[in-house]
Structures are given as structure tokens and as C-alpha cells.
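Trainee: Have a look at this one before I ask anything.
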Amino acid sequence: MNWSDSFLAILKDNDVRLISYVPDNVLTPLLKGVTADNYFLPVGATREDEAIGTLSGAYMAGLRGAAMMQTSGFALVGNTLASLVVPYQIPAIMVISERGTMGEFNIGQSLVARTMRPTLDALGIAHHTLTDTATMPFIVDSSIKQAFATQAPVAFILSPLLTGGNPAAHAKLKV
Amino acid sequence: MSSKRPLTKTMSRTALTRTLVQKLKRDEAVIGGIGNTNFDLFAAGHRPQNFYMLGSMGLACPIALGVALAQPDRGVIALEGDGSILMGLGCLATIANLKPRNLTIIIWDNALYQITGKQPTATSAATDIVAVARGVGIATSEWVRDEAHFEKLIDRRFDEGGPALLAVKIDDAPGQGQTPRDPALIRNRFMKGLGAARAGALDA
Ligand SMILES: Cc1ncc(C[n+]2csc(CCOP(=O)(O)OP(=O)(O)O)c2C)c(N)n1
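So the sequences go chain by chain: A and B. When we follow the working numbering, the leftmost residue of the first sequence carries the number -18, and every step to the right adds one. When we follow the working numbering, the leftmost residue of the second sequence carries the number 92, and every step to the right adds one.
Here it is in C-alpha cells:
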């Protein structure tokens, strides 16, 4: 099974149905899978903080969700994590495609990427960098279970090692 | 659609929040936005289906959307200030496209960031929230003319007829209550009020 099908199967196994997102090239196979499967309830948000707000509301009303975004989208959500997710103890599942590293051509992406792990660490939010299809299922499945059991958020960072990175970036770098 | 703001009476958020809360008969979920909005919701009398936002300015509508999607048979009402909705107008477009029939949004428009020192917001001049809402696709959006009109508009089932947006011109008074500053407790009680809490011996 490829990484994205495997990832979605784990979300399903854990009853994670609502998928709020702002797209990224690297997320395309995940988002295609979500829209193709009517188990999932996709919510196309206009901003990543909005996506996390909707996921939080859904969780409190009994529906589990995950928010998908790219690295620069994560940079928009610091206040939402600090004032909603962490203090209200919302097990927000965040799926972040890692841009800005290993072949990035966009300097803005590479700079904002450096703020991601320090922000997660400062807020004490567990995060796991997913690099291969062999270890990914165990990490994701067990961490989602831990998030709901302990009512704490978790971030999964999709490394280019797992996803192959941004195809557009590779094309640009060849030039 | 007219770009001119209709003539509406300037009303009281404290009084109208009370009117709303007294009208609710079907355990509707109510999400109170940052500051004065949730202070007045709390002042109107706590109910188990109330959620109070102690931060995350601008997210009352996205949170309410999540509740509405998770429990499509429950009416859900988002209360939000004009400054707060202006921070994230995009959520109105998201809501317009998802069309949750059980979601109603009420905007308390004092044309101010009241709580931070009464600085003017964009609605004090060119911006009309109802026109914005209609423009992004929330067709059922209107200005509330006066208290009687408000009562008439909320005299309905909230689990259908949405998404709808009501904008209310209000005065510059602060909120009257003081919501307990305990996010974990608020979350826990809200989940219990929605029947979504984990079962536990402590609830016995
Ligand atoms: C992201 C963010 N920016 C700024 C603030 C400061 N702040 C708190 S409440 C508020 C004003 C909210 O205005 P509005 O929604 O119109 O409500 P009002 O105070 O007028 O009742 C502001 C600017 C904040 N808490 N968070």
C-alpha cells in the first residue's frame, strides 16, 4: 500500500472522519483519497486556524477529525493552538506536509519551516516526523490512540523522505 | 443587494443574548466568541450546551461549524463580534459552501473593538457584514431592524433553515458577566451537554 492509502486506512481504523484542510501539492494523494471515500467528511477551509477551529468543534460534539496543511499553513495556527487546542485539551490530529527542506526552491518556505518544530516544542505538543512506510503505521496508529486517550494534540510531519517531496520543487531545481 | 446599510435600531447585546437564551427549547449548542460576546452569554444564564471561547479570536463560527457537522440534528448558534468575524471572513465562505442547515450565526456589530479600547472596526465605515455574507453565498442573511424583529427571527427551529446570518447593530456597552477562566472545565461541561463526553464514574 502506498503511504497515503496506508495513512487514510489508519485514520479510518481510529474513527477519524472529519478532514479539514488547506491544500498543498504534497497532500494531493491524501486529499484525493479523502474526497473519493464517503466515509470521510472533507471540510475545505480558507485558513488553517479555521480548519483547526472546525476540528475542535467537531471533537467536542463527538466527531473525530484531523487537519491537513503544509508547513507555512502551520505557521498561521500558533495562537489557535495556544488559546484553544492546548488549554481546552482538544486532541487535534495535525497532518503537516513538510516543505522548506530537502530540495526547496522557495526561500519563504525554507524560512517558515524553521519555526515549526520550535513552536510545537514550546507548546509541548507531541510531534512525529514520518519518513518511511515501514515505521509510519505504528507511529501514526499508536499516536492517534494516545492523543484521544490523553486528550492532547499530536502533529504528524510528512517528511519528503516519505512523500517524495514537492514535485514542482524538483522540476524547478533541475533548471 | 444594496450596498447601503439599512436603517436599524441600535440595540443591547446583553438584552438580546438574554432574549435568545430564553427562547432556546431544544438544547441548541451556542458558541460564544471572544470577550464581551461570551461574557454576555454567560450572564444570560449558563446552560450545559454553551461553549465559551477564552481566546482564539475569530473562531466562533468555525467551531460552531464543527459542532453542526458532527450533530446535524442539533441547532447550533454562533455568537460573534464584528471585529472577530472581520479577522476571518473566509469562514463564512466555507460555511456557505458546506451549507449546514442547522447553523445560525449572529453578529453583534458595535462597529468597534470594544473590549480593547473602542477602536473603530471596518464596519464603522465601508463594510457591511450582511452584504459580505450574501456575497460569499450565505443567502439567508439579514440586518435585524429592532427587538421585535429579532424575536420574530429567532422564533424558529434552529435545526433547519440554515445556514443563516443575522447582524445586529448594538451599542458600545461592555459585556455584563465574567465567564470562569477554566478552559478544560468549559470543554468538559460542553461535551457533557452535547452527550459527547467520555462516560465516567465521576459523573455519577
Ligand atoms: C489574534 C488576536 N488579536 C487581537 C486580540 C485582542 N483582542 C481581544 S478581543 C478584541 C476585540 C474583539 O472585537 P469584537 O469581536 O468586535 O468584540 P467587542 O470587543 O467589540 O465586543 C481584540 C482586538 C486577540 N485576543 N487575539
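Where a beta carbon is used, it is the ideal one built from N, C-alpha and C, also for glycine. Treat the numbers as computed from the prediction; the structure is a model and nothing was measured.
Can you tell me whether Gln51 of chain A is helix, strand or coil according to DSSP?
Mentor: Reading the first sequence from its first residue, position 70 is the one you call residue 51 of chain A. Three-state DSSP puts Gln51 of chain A in a strand.
Trainee: Just to confirm, are Ala63 of chain A and Leu104 of chain A a CB contact at a threshold of 8 angstroms?
Mentor: The sequence position of residue 63 of chain A within the first sequence is 82, counting from 1. The sequence position of residue 104 of chain A within the first sequence is 123, counting from 1. In this structure, Leu104 of chain A lies closer than 8 angstroms to Ala63 of chain A by Cβ.
Trainee: Roughly how many whole angstroms lie between the Cα atoms of Trp(-16) of chain A and Arg45 of chain A?
Mentor: Here residue -16 of chain A corresponds to residue number 3 of the first sequence, with the count starting at 1. Here residue 45 of chain A corresponds to residue number 64 of the first sequence, with the count starting at 1. Answer to the nearest angstrom: the Cα atoms are 21 angstroms apart.
Trainee: Where DSSP assigns a beta bridge to Trp234 of chain B, which residues make up the other side?
Mentor: Looking up residue 234 of chain B in the second sequence gives position 143. Trp234 of chain B is bridged to B:Ala258.
Trainee: At a cut-off of 7 angstroms, is Asn201 of chain B close to ligand 1 when judged by its beta-carbon and the heavy atoms of the ligand?
Mentor: Taking the first residue of the second sequence as 1, we reach residue 201 of chain B at position 110. Asn201 of chain B Cβ: within cutoff of ligand 1.
Trainee: Are the C-beta of Glu29 of chain A and some C-beta of chain B separated by less than 8 angstroms?
Mentor: Along the first sequence, one-based indexing puts residue 29 of chain A at 48. Not one chain B Cβ lies under 8 angstroms of Glu29 of chain A.
Trainee: Listed in chain order, which residues of the segment 48 to 82 of chain A have Cβ atoms closer than 8 angstroms to some Cβ of chain E?
Mentor: Structure shown: chain E not included; protein chains present are A and B.
Trainee: What are the complete beta strand (DSSP E) segments, minimum 3 residues, inside the segment 72 to 118 of chain A?
Mentor: 74 to 78, 107 to 111
Trainee: Going straight from the alpha carbon of Ala155 of chain B to that of Ala169 of chain B, what length do you get?
Mentor: One-based indexing of the second sequence puts residue 155 of chain B at position 64. One-based indexing of the second sequence puts residue 169 of chain B at position 78. Near 6 angstroms, if we compare the C-alpha coordinates of Ala169 of chain B and Ala155 of chain B.
Trainee: Would you kindly work out how many angstroms separate the C-alpha atoms of Ile71 of chain A and Arg278 of chain B, rounded to a whole number?
Mentor: Taking the first residue of the first sequence as 1, we reach residue 71 of chain A at position 90. Taking the first residue of the second sequence as 1, we reach residue 278 of chain B at position 187. Rounded to whole angstroms, Ile71 of chain A to Arg278 of chain B spans 9 angstroms at the Cα level.
Trainee: Compare the C-alpha of Ala128 of chain A against each of A:Met75, A:Gly145, A:Thr110 and name the closest.
Mentor: Translated into the one-based positions of the first sequence, residue 128 of chain A becomes position 147. Closest option to Ala128 of chain A, Cα to Cα, is A:Met75.
Trainee: Confirm, please, whether the CB-CB distance from Val121 of chain B to Ile198 of chain B is below 8 angstroms.
Mentor: Position 107 of the second sequence, counting from 1, holds the residue named residue 198 of chain B. Position 30 of the second sequence, counting from 1, holds the residue named residue 121 of chain B. Not a contact, by the Cβ cut-off of 8 angstroms.
Trainee: Leaving out five residues on either side along the sequence, give the residues of the same chain with a beta carbon under 6 angstroms from the beta carbon of Gln51 of chain A.
Mentor: Within the first sequence, the letter at position 70 stands for residue 51 of chain A. Only Asp5, Ser78, Arg80 meet the Cβ criterion.
Trainee: Using a Cβ-based criterion (distance less than 7 angstroms to any ligand heavy atom), does Gly181 of chain B qualify as near ligand 1?
Mentor: The residue labelled residue 181 of chain B in the question sits at position 90 within the second sequence. Checking the Cβ of Gly181 of chain B against ligand 1 gives no.
Trainee: Buried or exposed: Met92 of chain B, going by 16 or more other Cβ atoms within 10 Å of its Cβ?
Mentor: Counting from 1 along the second sequence, the entry for residue 92 of chain B is found at position 1. Its pLDDT being 44, under 50, Met92 of chain B is placed unreliably in this model, and the value from its coordinates should be taken loosely. It counts as exposed.
Trainee: Put Phe281 of chain B into one of helix, strand or coil per three-state DSSP.
Mentor: Here residue 281 of chain B corresponds to residue number 190 of the second sequence, with the count starting at 1. Here Phe281 of chain B sits in helix by DSSP.
Trainee: For Val205 of chain B, which option in B:Phe281, B:Asp173, B:Leu183 has the closest C-alpha, if you only look at C-alpha atoms?
Mentor: Working through the second sequence from its first residue, we reach residue 205 of chain B at position 114. Here residue 205 of chain B is Gln; the residue named in the question, Val, does not match the sequence. Gln205 of chain B has its Cα closest to that of B:Asp173, out of B:Phe281, B:Asp173, B:Leu183.
Trainee: Would you kindly check if the distance between the Cβ of Gly146 of chain B and the Cβ of Ile125 of chain B is under 8 angstroms?
Mentor: Your numbering for residue 125 of chain B matches position 34 in the second sequence. Your numbering for residue 146 of chain B matches position 55 in the second sequence. Their beta carbons are under 8 angstroms apart, which means Ile125 of chain B touches Gly146 of chain B by this criterion.
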